[in-house]
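Using the UniProt record's numbering, you'd call the opening residue of the sequence shown number 1 and step up by one each time. Heads up, the thing below is written out as structure tokens.
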Amino acid sequence: MKAETNEFLNLQGYPIFERIKPLVRLLDVKYVRWWSKENITTAEIHIVHPEVKHITIGTGSHYSGRTRVAICLKDTTFFESLYGKLSRKNSTTYVRFDDDGFEMIRHIAGDWEHELSKSDVEFVELVNSAINLNSLDEYEKTAMVKQRIGHSRFAKQVKARAGNVCQINGDISRNLIASHIKPWSSARDYEKVDLNNGLCLSPNYDGLFEVGLIGFNDDGSIILNGLSESELRAYSLDGTECISVKTGQSKYLAWHRKYKVFKK
């Protein structure tokens, strides 16, 4: 069924559509084709864009319960630089599932999906109010943030995604910290609870990362910044360490490199 933008925004009863309505409001949408059958619900969003023809988002048992995102391109150059050559000859459509798919949309529309849940809003407000009610210096504020985050849903998810071990040294599984890549003081509210803005580190490595003595490239390889030979030995670092970087973390790692590791 073909729908104008306002008609689509007024549709009710389709959770996947509720998720993408902020995207429809943000982009220059020509029209939307949508349909819902027994095993699939899909919207095809046709937009005015220099590189993209349309975005298709679908969910249902046909996709094994996952969310499928397809980006039909006019120009594949930019997306091939991010995701590699398209696998099918003469194809101009990238297909990804779940987080990888939504990351492709963010390259088109920016941070369109950063509306916070009620619990996340309450958590952010709680930490912010605790900081603002006290006359603390920056070090003390950072310590308080870490304390408040310690048992939060964000911390549990960051640690679980890392297998509940330190991402630099997998032999360390105790006293782990969910470390913000882009720190709380610099992050927008949605970034403060974005799983992609977290690393699971031991306290020693968290301290080094926080002040930019270590950082990471987009491929996960470690950057050593100003540590002496004796310090490297003390921290058991030799420059070959590499972490697993998830889709969506590169922008945070780039921020950390710019403002912490290579700051002027």
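Glycine residues also receive a C-beta, built at the ideal position from the N, C-alpha and C atoms.
Relative to the alpha-carbon of residue i, which residue among the options has its alpha-carbon at the smallest distance?
i, options, result
"residue 262", "239, 243, 217", "217"
"residue 201", "78, 243, 141", "243"
"residue 48", "10, 187, 74, 68", "74"
"residue 53", "31, 102, 38, 63", "31"
"residue 110", "96, 157, 26, 129", "26"
"residue 69", "82, 248, 55", "55"
According to the neighbour-count rule (16 or more other Cβ atoms, all chains shown, within 10 Å of its Cβ), is residue i buried or exposed?
i, result
"residue 166", "buried"
"residue 50", "exposed"
"residue 239", "exposed"
"residue 143", "exposed"
"residue 252", "buried"
"residue 1", "exposed"
"residue 197", "buried"
"residue 35", "exposed"
"residue 234", "exposed"
Could you give the first and the last residue of the continuous alpha helix (DSSP H) run that contains residue i?
i, result
"residue 255", "250-256"
"residue 85", "Premise fails: residue 85 is in no alpha helix (DSSP H) and is neither H nor E."
"residue 49", "Premise fails: residue 49 is in no alpha helix (DSSP H) and is neither H nor E."
Please indicate yes or no: does the CB of residue i lie closer than 7 Å to some heavy atom of the ligand ZN?
i, result
"residue 219", "In the structure on display, the ligand ZN does not appear, and there are no ligands present to speak of."
Quick one: give me the first and last residue of the beta strand (DSSP E) that residue i is part of.
i, result
"residue 150", "It is not in any beta strand (DSSP E) - residue 150 carries neither H nor E in the DSSP assignment."
"residue 198", "198-201"
"residue 94", "93-97"
Are there three or more Cβ pairs, one per stretch, closer than 8 Å when the stretch 49-65 is compared with the stretch 7-22?
-> yes
Are at least three pairs of beta-carbons, each pair with one atom in the stretch 137-157 and one in the stretch 222-230, less than 8 Å apart?
-> Too few Cβ pairs lie closer than 8 Å, so no.
Should the stretch 156-163 be regarded as contacting the stretch 122-134, the criterion being three or more beta carbon pairs within less than 8 Å?
-> no
Count the CB pairs spanning the stretch 85-104 and the stretch 31-48 that are closer than 8 Å, and state whether there are at least three.
-> no
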